[in-house]
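Student: Here you go, one structure.
2 protein chains.
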Amino acid sequence: MNAVADRSGLVEEIVTAIRATVGSGPVGLHEPYFAGNEWAYLKECLDSTFVSSVGAFVDRFECDIAAYTGAKHAIAVANGTAALQVALQLAGVRAGDEVLVPALTFVATSNAVAYCGAVPHFVDSEERTLGINSVALREYLNSSTEMSAGVCVNRQTGRAIRAVVPMHVFGHPLDIDGLLGVARDFRLVVVEDAAESLGSSYHGRHTGTFGLLGTLSFNGNKTITTGGGGAILTDDRRLARHAKHLTTTAKLKHRWEFGHDELGYNYRLPNLNAALGCAQLEQLPRLLDAKRRLFERYSAAFAPIAEVRLMAEPDGSRSNYWLQTLILAPAVAGVRDSVLAATNDAGLMTRPVWNLNHRLPMFKASPRMPLAIAESLEKRVINIPSSAQLVLETRQ
Amino acid sequence: MNAVADRSGLVEEIVTAIRATVGSGPVGLHEPYFAGNEWAYLKECLDSTFVSSVGAFVDRFECDIAAYTGAKHAIAVANGTAALQVALQLAGVRAGDEVLVPALTFVATSNAVAYCGAVPHFVDSEERTLGINSVALREYLNSSTEMSAGVCVNRQTGRAIRAVVPMHVFGHPLDIDGLLGVARDFRLVVVEDAAESLGSSYHGRHTGTFGLLGTLSFNGNKTITTGGGGAILTDDRRLARHAKHLTTTAKLKHRWEFGHDELGYNYRLPNLNAALGCAQLEQLPRLLDAKRRLFERYSAAFAPIAEVRLMAEPDGSRSNYWLQTLILAPAVAGVRDSVLAATNDAGLMTRPVWNLNHRLPMFKASPRMPLAIAESLEKRVINIPSSAQLVLETRQ
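So the sequence lines, in the order shown, correspond to chains A and B.
Position in the first sequence (from 1) plus 4 gives the number in the numbering used here.
Position in the second sequence (from 1) plus 4 gives the number in the numbering used here.
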């Protein structure tokens with residue numbers, strides 16, 4: 005009974021540390037914050053009547069995103085999943101291929117692979133960044149694949165492994181150098197899923213700009229939002245043009261004719277949503293600063309609790325601190341659900357990490373490497389309230 | 005040279021008739037009109053901070069759409085193409101199936117079939133409604149298919165023909181009774197593409213509610229717009245629930261867990277776009293009335309031009325008159341491009357009908373019935389300026 009008693013104490017300590025940081029009242033996990041030109045730009049967009057697939061805001065949003073991230077080109081699309089689907093297609097992923105994706109990710113990463121008719125091949129994580137474990141991945145690929153005519157082939161399935169999709173979990177950049185090394189040695193195209201990491205950089209360079217293509221999300225729960233939205237990043241001009249083409253029904257330019265030269269998508273970000281995005285992007289530095297200060301406040305509050313690690317940005321990286329993250333020590337993993345229940349009961353919205361994708365029914369037959377670290381993390385990760393306004397608006 | 009001279013005269017007469025109807029200045033083909041609660045609802049949405057996949061407006065928009073169309077259920081999604089893709093999937097369309105679609109349609113109809121891994125099988129149109137020619141389709145299916153275990157099978161390809169997608173061209177309801185008869189006799193599921201026909205009814209019943217499922221679009225060029233958006237209509241409660249599930253990443257309800265039980269999509273209409281939609285839907289009766297009056301004005305202007313038919317709503321139907329449509333007599337089909345050039349040069353935006361889908365490169369290998377009428381119409385159809393504000397705002 006002593007162990008159980010200790011654990012109950014831990015739950016209380018965690019609730020108290022969060023409450024001390026965020027103040028009173030009900031607190032969401034991550035809420036949008038509109039304190040800039042959001043109204044003004046939406047009104048301007050409405051008054052222009054250009055609310056749909058064409059307009060000044062969507063062009064500007066693409067320029068602003070490219071300028072902010074340092075990508076040469078940004079293509080604005082309906083959401084992060086659509087961005088990833090099209091990026092994978094542009095990376096050469098075809099039906100019957102395999103694509104390496106972390107088991108520890110939001111389901112959209114794996115879904116996008118499936119939309120291409122390809123098969124997600126699940127990869128383990130590392131404890132430090134929660135991202136793909138490049139060291140373990142290299143060992144695994146060495147033992148389970150062979151190169152055939154310049155293509156990495158899964159020896160067990162005989163399928164080509166065409167690409168790898170590193171995902172920067174909760175905004176924390178993973179070990180990009182390690183990942184790029186593996187990709188180079190096994191001839192894998194890198195498509196970076198930076199859905200959660202707008203504002204995060206690795207050795208001074210923005211996430212999403214290391215792969216041949218990268219993708220962003222502006223869903224309502226992200227650091228900035230367009231309602232629903234996403235973007236494709238690339239430095240390759242030809243790929244950028246093709247991305248724009250594919251996401252606008254592959255329509256050929258003509259004064260009046262409706263020619264379409266390949267199977268395209270209705271994925272353009274509406275100008276209305278882009279208007280919100282332009283205003284939100286102006287606020288991003290301020291939001292990032294607030295989220296960093298929130299991390300510092302949580303750091304102080306959680307410092308005395310030995311069994312809990314508050315996730316900090318990895319060395320050499322700058323994180324956007326999108327979602328603040330507690331990682332329980334393995335010995336106290338059993339209290340996770342008690343912490344989730346106690347915090348949510350107290351009006352503090354928290355959540356566990358996603359169910360590992362290889363256990364979802366539609367991906368049960370997908371190949372995977374040993375996933376020991378991801379499986380351990382799944383039992384120990386808890387996201388806690390992370391909105392910028394917890395710092396920007398005093399709540400006591 | 006006489007024939008050419010006659011044709012030039014015709015072009016001038018057409019330009020003059022349009023100009024007399026729409027007044028001076030540059031005139032677009034179809035522009036959104038925001039004169040109601042659009043700004044109030046957008047502001048309310050922004051102030052609520054619920055701009056993304058959850059919120060009061062998206063729920064209300066679904067209720068309003070269901071009430072307006074008479075469908076028991078409406079599911080709001082990111083666009084009409086997404087609506088059709090998911091509706092086809094719910095109708096049982098699977099990879100390797102064939103789906104009957106008109107050759108004369110916007111590319112999205114055929115694309116949605118392809119997204120399911122199925123093959124569009126192209127069908128001819130009728131001169132009167134521009135929609136699927138049910139009489140010719142029946143003859144064709146009688147001669148080229150056979151029933152096998154209750155499934156209509158294409159004798160040539162051996163593939164199952166699972167569904168038929170009637171599309172109500174430019175808002176004019178097609179011969180629904182005839183189509184439903186063919187579908188019944190050949191055991192085809194009907195998925196109605198009502199992307200263009202919000203506000204159009206057939207024998208008093210709203211288009212999109214005759215099939216097992218129907219779909220709408222609220223793109224910027226449609227009668228009402230949400231920026232980008234669409235909806236799935238159905239009377240089947242189980243299908244409606246499944247549609248909502250599939251379009252919200254197939255996430256299972258749980259207090260905090262991220263379970264997904266099948267391959268879903270990130271297709272939910274953002275609350276921000278739904279806010280615009282709620283306001284637009286309030287304006288719909290007024291817009292429809294204006295568009296009908298615009299038709300009457302064009303009717304008067306085009307009455308003296310014998311070689312041109314201004315498309316009127318088919319008998320037994322009420323059309324939304326989404327796009328006003330000229331159909332040139334076959335003898336003067338050759339002037340189409342001259343009319344397009346002269347009108348666009350004069351600041352009057354016009355356009356031809358879509359390139360027939362069976363000639364687009366990605367569908368070149370798709371099966372098709374003889375398409376004589378569609379091929380004739382393709383050379384003779386011209387859409388002319390159709391915005392409601394041409395009537396609602398005096399422009400002289």
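Think of the CB as a built atom: it goes at the ideal place given N, C-alpha and C, for glycine as much as any other residue.
Return the bridge partner residues of Ser391(A) from the DSSP annotation.
Tutor: Position 387 of the first sequence, counting from 1, holds the residue named residue 391(A). According to DSSP, which records beta bridges pairwise, Ser391(A) is partnered with nothing at all.
Student: Would you give the residue range spanned by the alpha helix (DSSP H) that Glu317(B) belongs to?
Tutor: Against the second sequence, residue 317(B) aligns to sequence position 313. Unbroken run through Glu317(B): none, as it is neither H nor E.
Student: So, for Ala9(B): in the same chain, excluding its five sequence neighbours on each side, which residues have a beta-carbon less than 7 Å away from its beta-carbon?
Tutor: The residue given as residue 9(B) occupies position 5 in the second sequence. In this predicted model, Ala9(B) has a pLDDT of only 44, less than 50, meaning its place in the structure is not dependable enough to derive any value.
Student: On the criterion of 16 or more Cβ atoms from any shown chain inside 10 Å, does Asn146(B) qualify as buried, or is it exposed?
Tutor: The count along the second sequence starts at 1 and reaches residue 146(B) at position 142. Asn146(B) comes out exposed.
Student: What's the call for Gln400(A), buried or exposed, on a 16-neighbour Cβ count within 10 Å?
Tutor: Position 396 of the first sequence holds residue 400(A). Because the pLDDT of Gln400(A) is 43, which lies under 50, any placement of that residue in the model is unreliable, and the number read from its coordinates should be weighed accordingly. Its Cβ having fewer than 16 others within 10 Å, Gln400(A) is exposed.
Student: Report all residues from its chain with a CB closer than 7 Å to the CB of Asn225(A); omit the five preceding and five following residues, and keep chain order.
Tutor: By one-based count along the first sequence, residue 225(A) stands at place 221. Excluding sequence neighbours, Asn225(A) sits near His34.
Student: Could you tell me which chain A residues have their CB closer than 7 Å to the CB of Lys47(B), listed as they occur along the chain?
Tutor: Indexing the second sequence from 1 puts residue 47(B) at position 43. Within 7 Å Cβ-Cβ: Trp43.
Student: Whose C-alpha, out of Gly135(A), Leu292(A) and Ala91(A), is nearest the C-alpha of Leu360(A)?
Tutor: Within the first sequence, the letter at position 356 stands for residue 360(A). Selected option, being the one with the closest Cα: Gly135(A).
Student: For the stretch 136–212 of chain A, list the beta strand (DSSP E) runs that are entirely contained and at least 3 residues long, ordered along the chain.
Tutor: Those beta strand (DSSP E) runs which fall completely within the stretch 136–212 of chain A and span 3+ residues are 149–152, 155–158, 164–168 and 193–197.
Student: Taking the straight line between their C-alpha atoms, what separation do you get for Val139(B) and Arg188(B)?
Tutor: In the second sequence, counting from the first residue as 1, residue 139(B) sits at position 135. In the second sequence, counting from the first residue as 1, residue 188(B) sits at position 184. Going by the C-alpha atoms only, they are around 14 Å apart.
Student: I'd like the list of long-range same chain contacts for Glu311(A), defined as Cβ closer than 8 Å, with 5 residues on each side in sequence excluded.
Tutor: Position 307 of the first sequence, counted from the first residue, corresponds to residue 311(A). Answer for Glu311(A): Leu14, Leu332, Ala333, Ala335 and Val336, listed in chain order.
Student: Does the count of Cβ pairs from the stretch 343–355 of chain A and the stretch 21–36 of chain A closer than 8 Å reach three?
Tutor: A contact is defined here as three or more CB-CB pairs under 8 Å, and the stretch 343–355 of chain A meets this definition with respect to the stretch 21–36 of chain A.
Student: Does the separation of the CB atoms of Thr253(A) and Gly268(A) fall below 8 Å?
Tutor: On the first sequence, residue 253(A) is found 249 positions in, with the first residue counted as 1. On the first sequence, residue 268(A) is found 264 positions in, with the first residue counted as 1. Yes; because the gap between Cβ atoms is below 8 Å, this pair is in contact.
Student: Tell me the DSSP secondary structure of His125(B) in three-state form.
Tutor: Against the second sequence, residue 125(B) aligns to sequence position 121. Correct three-state label for His125(B): strand.
Student: Have a look at the DSSP bridge pairing and note the partners of Thr347(A).
Tutor: Reading the first sequence from its first residue, position 343 is the one you call residue 347(A). According to DSSP, Thr347(A) bridges with nothing at all.
Student: Could you pull out every residue in the same chain whose Cβ sits closer than 7 Å to the Cβ of Tyr119(B), ignoring the five residues on either side in sequence?
Tutor: The count along the second sequence starts at 1 and reaches residue 119(B) at position 115. Answer for Tyr119(B): Gln89, listed in chain order.
Student: Whose Cβ in chain B lies nearer than 7 Å to the Cβ of Phe65(A)?
Tutor: Stepping through the first sequence from its first residue, residue 65(A) is reached at position 61. Within 7 Å Cβ-Cβ: nothing; Phe65(A) doesn't reach chain B, min ~13 Å.
Student: Name the chain A residues that come within less than 7 Å of Arg259(B), Cβ to Cβ?
Tutor: Position 255 of the second sequence, counting from 1, holds the residue named residue 259(B). Residues of chain A passing the Cβ test: Asn348.
Student: Distance, Cα to Cα, Leu141(A) vs Val155(A)?
Tutor: Position 137 of the first sequence holds residue 141(A). Position 151 of the first sequence holds residue 155(A). Distance between the alpha carbons of Leu141(A) and Val155(A): 17 Å.
Student: Quick check on the DSSP output: the beta strand (DSSP E) that includes Phe329(B) runs from which residue to which?
Tutor: Stepping through the second sequence from its first residue, residue 329(B) is reached at position 325. According to the sequence shown, residue 329(B) is Thr rather than Phe. The continuous beta strand (DSSP E) containing Thr329(B) extends over residues Gln328 to Leu332.
Student: Any residues in the stretch 366–393 of chain A with a beta carbon nearer than 8 Å to a beta carbon of chain B? Which ones, in chain order?
Tutor: Met366
Student: Using C-beta distances below 7 Å, list every residue in its chain close to Ile377(B), excluding the 5 sequence neighbours before and after it, in chain order.
Tutor: Numbered from 1 along the second sequence, position 373 holds the residue referred to as residue 377(B). Closer than 7 Å at the Cβ level, and outside the excluded window around Ile377(B), lie Asp128, Ser129, Glu130, Glu131 and Asn137.
Student: Does DSSP put His34(A) in a helix, a strand or coil?
Tutor: Locating residue 34(A) in the first sequence gives position 30, where the first residue counts as 1. Reduced to three states, the DSSP call for His34(A) is coil.
Student: Within the 8 Å Cβ cut-off, does Ala335(B) reach chain A?
Tutor: For the purposes of this step, residue 335(B) is taken as the residue at position 331 of the second sequence. Any Cβ of chain A closer than 8 Å to the Cβ of Ala335(B) would place that residue at the interface, and such an atom is absent.
Student: In angstroms, rounded to a whole number, what distance separates the CA positions of Trp43(A) and Arg322(A)?
Tutor: The residue labelled residue 43(A) in the question sits at position 39 within the first sequence. The residue labelled residue 322(A) in the question sits at position 318 within the first sequence. Trp43(A) and Arg322(A) have their alpha carbons spaced roughly 31 Å apart.
Student: Can you pull the DSSP bridge partners for Arg322(A)?
Tutor: Here residue 322(A) is taken as the residue at index 318 of the first sequence, counted from 1. Beta-bridge pairing links Arg322(A) to Ser205(A).
Student: Indicate the three-state DSSP secondary structure (helix, strand or coil) for Ile377(A) in the structure shown.
Tutor: Position 373 of the first sequence holds residue 377(A). The answer is helix: DSSP assigns Ile377(A) an H, G or I state.
Student: Quick check: what's the CA-CA separation for Leu280(B) versus Pro274(A)?
Tutor: The residue labelled residue 280(B) in the question sits at position 276 within the second sequence. The residue labelled residue 274(A) in the question sits at position 270 within the first sequence. Near 12 Å, if we compare the C-alpha coordinates of Pro274(A) and Leu280(B).
Student: Please determine, among Tyr271(A), Gln287(A) and His362(A), the residue with the shortest C-alpha to C-alpha distance to Thr85(A).
Tutor: Here residue 85(A) is taken as the residue at index 81 of the first sequence, counted from 1. Thr85(A) has its Cα closest to that of Tyr271(A), out of Tyr271(A), Gln287(A) and His362(A).
Student: Expressed to the nearest angstrom, what Euclidean distance is found between the alpha-carbon atoms of Glu382(A) and Leu108(A)?
Tutor: Mapped onto the first sequence, residue 382(A) falls at position 378. Mapped onto the first sequence, residue 108(A) falls at position 104. Between Glu382(A) and Leu108(A), the C-alpha separation is close to 8 Å.
Student: Within its chain, find whatever has a CB closer than 7 Å to the CB of Ser56(B); leave out the 5 residues flanking it on each side and keep chain order.
Tutor: On the second sequence, residue 56(B) is found 52 positions in, with the first residue counted as 1. The answer, listed in chain order, is Pro274 and Asn275.
Student: How would you label Glu200(A), buried or exposed, when you count the other beta carbons within 10 angstroms and need 16 or more for buried?
Tutor: Your numbering for residue 200(A) matches position 196 in the first sequence. Buried, by the Cβ-count rule.
Student: Starting from the N-terminal side, write out each stretch of the alpha helix (DSSP H) that is 4 residues or longer and does not extend beyond the stretch 37–112 of chain A.
Tutor: Qualifying alpha helix (DSSP H) stretches, in chain order: 42–52, 60–73 and 84–94.
Student: Is the distance from the Cβ of Arg163(B) to the Cβ of Glu150(B) below 8 Å?
Tutor: As a working note, residue 163(B) is residue 159 in the second sequence. As a working note, residue 150(B) is residue 146 in the second sequence. It is not a contact, given that the beta carbons lie outside the stated cut-off.
Student: Can Lys47(B) be considered in contact with the ligand SAH, in the sense that its beta carbon sits closer than 7 Å to one or more heavy atoms?
Tutor: With respect to small molecules bound, the structure shown includes none, and the ligand SAH cannot be examined in it.
Student: Judging by CA-CA distance, which residue of Thr73(A), Val81(A) and Pro36(A) is the nearest neighbour of Lys248(A)?
Tutor: As a first step, residue 248(A) must be located in the first sequence, where it is residue number 244. Of the listed residues, the one whose Cα sits closest to Lys248(A) is Val81(A).
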